[in-house]
Amino acid sequence: MSYEDEYDPLFDDPQDEKPQIFARRELVEIGHVPSEKRIVGRENEIQSVGQYLRPVVNDDAPSSFIIYGKTGTGKSLVSRHVAMRARASGERRGNRIGVVYIDCSQDSTETQAACSIARGLNEESSTGIAVPRTGLGRSHYYARLWDILDQRFDAVIIILDEIDRLKADDGEDNILMQLSRAREAGKTSVNIGIIGISNKINYRDRLNERVKSSFGDDELVFNPYDANQLRQIMEARRDAFVDGVIEEGVISKAAALAAREHGDARKAIRILRNAGEFAERNGYSTVREEHLDAAQKRAEVDRLQELLSGLTPHTKYALMGLATLTANNPEDEFRTSVIYDAYRSVCADAGSETLTLYRVRDLLREQSFLEIIESYHTGGGRGGGSYTVHQLLKEPEIVFECVDTGAEDE
Ligand SMILES: Nc1ncnc2c1ncn2[C@@H]1O[C@H](COP(=O)(O)OP(=O)(O)O)[C@@H](O)[C@H]1O
Ligand SMILES: [Mg+2]
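Per UniProt numbering, the very first residue in the sequence shown carries number 1; after that it's consecutive.
The following block contains the structure:
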């Protein structure tokens, strides 16, 4: 039986008239490392990172440093970009440079991070060394890593992104200690340059003295972008979209939205992508200014979800408690004991046990670390004693949406 000559509307009809929105969607994916011509206004930072990496590339004493800056200031992008250039430059001169990028919010234990570093630098077919994803103890992952380094490279650059999210198996900064002192300790002859990236400016204070001393004193701080730079960053990705699809004014308005809290390029790019997806889903042929509100809201939800990932359910309950209070009261600062009551009723709804007041206060304080909450001690005035108050830095609806979504996913 053959249908060869027949016309079958089931398959042969031109795909419904859905307008095409994206031409190269990967250009508006956050993890994508764009080519240099799309990188806006980071010349000085690129120069500085290059300076730090020069000894690694030239087979001199390794250097390690930390980059600080708020979300979306180009820390990850610039580090990856410069590391890739360092590798290429080394190659041109016969120096074998390995580059590995670790996101410590994903690989959040030392063992996982050590495993990912070893896997990222390995090529089993050439080393004959197997690095299973699970099943080895930390020290075995390190041992294999040193072997891999010695076999394959003259120097390596290890980027530890979101390093403040690393939960230490054993001592806060053991991995930094291991990596930064490996050569000195005779474990490998390869130069190891480390780029630590943190959103928190005080991260270095938490480090142990020995680790601190192996990190240079200089720190690199990336400042937020202004609305004009955000606009240029988005303009340089316009070809993610089909020609002419983005309406006049959309990019400027998106830049203004993304500049609101601080100039966050991640938010800018997400807003643009979300707006495109909104248009696509709803059958619009262009991306319009009125699509930006939904796009912005989704960008906020995505961001909070990222921040919440890996947090315990009780942290989420405490956050829900605070969000409920914030939504239902004129004031926006609440004492720990008040939040604790709200937290308990969230737990009751969720059918969960409750933690102690002190534990919840600590959880709240930890959130202030992640820029979800602001917590501070207040004098309390005449005869008032002192106490801690907490303020939610996100819109309560965003929290409701995230924590709900989180629960559905589980
Ligand atoms: N100067 C820039 N030029 C072009 N794109 C940028 C720039 N800075 C950041 N971006 C883009 O914004 C997003 C967030 O940047 P990222 O480097 O991840 O920020 P951070 O690591 O500081 O949070 C990425 O998609 C990145 O490509
Ligand atoms: Mg980053």
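Note that beta-carbon positions come from the ideal geometry of N, C-alpha and C, so glycine has one too.
May I have the straight-line CA-CA distance separating residue i from residue j, to the nearest angstrom?
{"i": "Ile-201", "j": "Lys-70", "result": "9 angstroms"}
{"i": "Ile-339", "j": "Ser-386", "result": "17 angstroms"}
{"i": "Arg-359", "j": "Gly-351", "result": "19 angstroms"}
{"i": "Leu-375", "j": "Arg-165", "result": "For the sequence presented, residue 375 should be read as Ser rather than Leu. So the two alpha carbons sit approximately 19 angstroms from each other."}
{"i": "Gln-178", "j": "Asn-208", "result": "12 angstroms"}
{"i": "Arg-335", "j": "Ile-372", "result": "16 angstroms"}
{"i": "Leu-53", "j": "Val-389", "result": "43 angstroms"}
{"i": "Ser-76", "j": "Glu-248", "result": "30 angstroms"}
{"i": "Tyr-142", "j": "Ala-236", "result": "41 angstroms"}
{"i": "Arg-85", "j": "Lys-297", "result": "36 angstroms"}
{"i": "Glu-26", "j": "Leu-176", "result": "33 angstroms"}
{"i": "Ile-194", "j": "Arg-266", "result": "24 angstroms"}
{"i": "residue 432", "j": "Leu-121", "result": "With the chain covering only 1 through 410, there is no way to say anything about residue 432."}
{"i": "Thr-326", "j": "Leu-393", "result": "10 angstroms"}
{"i": "Leu-308", "j": "Leu-145", "result": "31 angstroms"}
{"i": "Val-250", "j": "Glu-36", "result": "24 angstroms"}
{"i": "Thr-356", "j": "Glu-306", "result": "26 angstroms"}
{"i": "Glu-261", "j": "Val-287", "result": "24 angstroms"}
{"i": "Ala-108", "j": "Gly-137", "result": "According to the sequence provided, residue 108 is Ser. The question's Ala does not apply to it. Taking the straight line joining both Cα atoms gives about 15 angstroms."}
{"i": "Glu-410", "j": "Pro-313", "result": "A caution first: Glu-410 carries a pLDDT of 37, below 50, which makes its placement in the model unreliable, though a value can still be read off. Looking at the two C-alpha atoms, the distance is approximately 11 angstroms."}
{"i": "Met-367", "j": "Glu-289", "result": "Residue 367 is actually Gln in this sequence, not Met. Going from the Cα of Gln-367 to the Cα of Glu-289 covers about 34 angstroms."}
{"i": "Val-49", "j": "Tyr-68", "result": "12 angstroms"}
{"i": "Thr-134", "j": "Arg-119", "result": "11 angstroms"}
{"i": "Glu-6", "j": "Asp-12", "result": "10 angstroms"}
{"i": "Glu-401", "j": "Lys-316", "result": "12 angstroms"}
{"i": "Arg-181", "j": "Ser-214", "result": "8 angstroms"}
{"i": "Val-245", "j": "Asp-362", "result": "48 angstroms"}
{"i": "Phe-241", "j": "Gln-112", "result": "37 angstroms"}
{"i": "Ile-117", "j": "Ser-105", "result": "14 angstroms"}
{"i": "Val-78", "j": "Val-221", "result": "12 angstroms"}
{"i": "Asn-329", "j": "Ala-155", "result": "57 angstroms"}
{"i": "Ala-83", "j": "Ile-46", "result": "10 angstroms"}
{"i": "Gly-72", "j": "Glu-277", "result": "21 angstroms"}
{"i": "Ile-163", "j": "Ile-197", "result": "6 angstroms"}
{"i": "Tyr-343", "j": "Ala-299", "result": "26 angstroms"}
{"i": "Arg-38", "j": "Ile-271", "result": "18 angstroms"}
{"i": "Leu-257", "j": "Asp-205", "result": "33 angstroms"}
{"i": "Pro-224", "j": "Gly-263", "result": "5 angstroms"}
{"i": "Gly-90", "j": "His-377", "result": "52 angstroms"}
{"i": "Ser-63", "j": "Val-33", "result": "24 angstroms"}
{"i": "Ser-126", "j": "Arg-92", "result": "21 angstroms"}
{"i": "Gln-51", "j": "Pro-396", "result": "44 angstroms"}
Is there a Cβ of chain C sitting closer than 9 angstroms to that of residue i, yes or no?
{"i": "Leu-304", "result": "The structure shown contains no chain C; it holds only a single protein chain."}
Quick check: does the Cβ of residue i come within less than 8 angstroms of any heavy atom belonging to ligand 2?
{"i": "Ile-192", "result": "no"}
{"i": "Glu-162", "result": "yes"}
{"i": "Ile-195", "result": "no"}
Counting along the chain, where does the alpha helix (DSSP H) carrying residue i start and finish?
{"i": "Ser-76", "result": "75-92"}
{"i": "Val-250", "result": "250-258"}
{"i": "Leu-10", "result": "9-12"}
{"i": "Ser-116", "result": "110-121"}
{"i": "Phe-278", "result": "265-281"}
{"i": "Ile-233", "result": "227-235"}
Which residues mark the beginning and the end of the beta strand (DSSP E) in which residue i is found?
{"i": "Ser-48", "result": "Where Ser-48 is concerned, there is no enclosing beta strand (DSSP E), although the alpha helix (DSSP H) it sits in stretches over 43-57."}
{"i": "Gln-391", "result": "387-392"}
{"i": "Gly-69", "result": "64-69"}
{"i": "Ile-30", "result": "From DSSP, Ile-30 is part of no beta strand (DSSP E); its letter is neither H nor E."}
{"i": "Glu-219", "result": "219-222"}
{"i": "Ile-246", "result": "Note, Ile-246: premise wrong, no beta strand (DSSP E); not H, not E."}
{"i": "Ile-39", "result": "Element bounds for Ile-39: n/a, residue is neither H nor E."}
{"i": "Ile-97", "result": "97-103"}
Can you find a heavy atom of ligand 3 that lies under 8 angstroms from the Cβ of residue i?
{"i": "Asn-95", "result": "With respect to small molecules bound, the structure shown includes ligand 1 and ligand 2 and not ligand 3."}
Exercise. Relative to ligand 1, what is the chain-ordered list of residues with a Cβ closer than 5 angstroms to any of its non-hydrogen atoms?
Worked result: The answer, residue by residue, is Ile-30, Ile-39, Val-40, Arg-42, Thr-71, Gly-72, Thr-73, Gly-74, Lys-75, Ser-76, Leu-77, Ile-233, Ala-265, Arg-266 and Ile-269.
For this session: Could you name each continuous alpha helix (DSSP H) segment of 4 residues or more that falls completely within the region 128-214, going from the start of the chain to the end?
Result: Runs of the alpha helix (DSSP H) lying entirely within the region 128-214, each at least 4 residues long, are 138-152, 174-180 and 209-214 in chain order.
For this session: May I have a chain-ordered list of the beta strand (DSSP E) segments no shorter than 3 residues that lie completely inside the region 303-377?
Result: For the region 303-377, whole beta strand (DSSP E) runs of length 3 or above, ordered along the chain, are 333-335.
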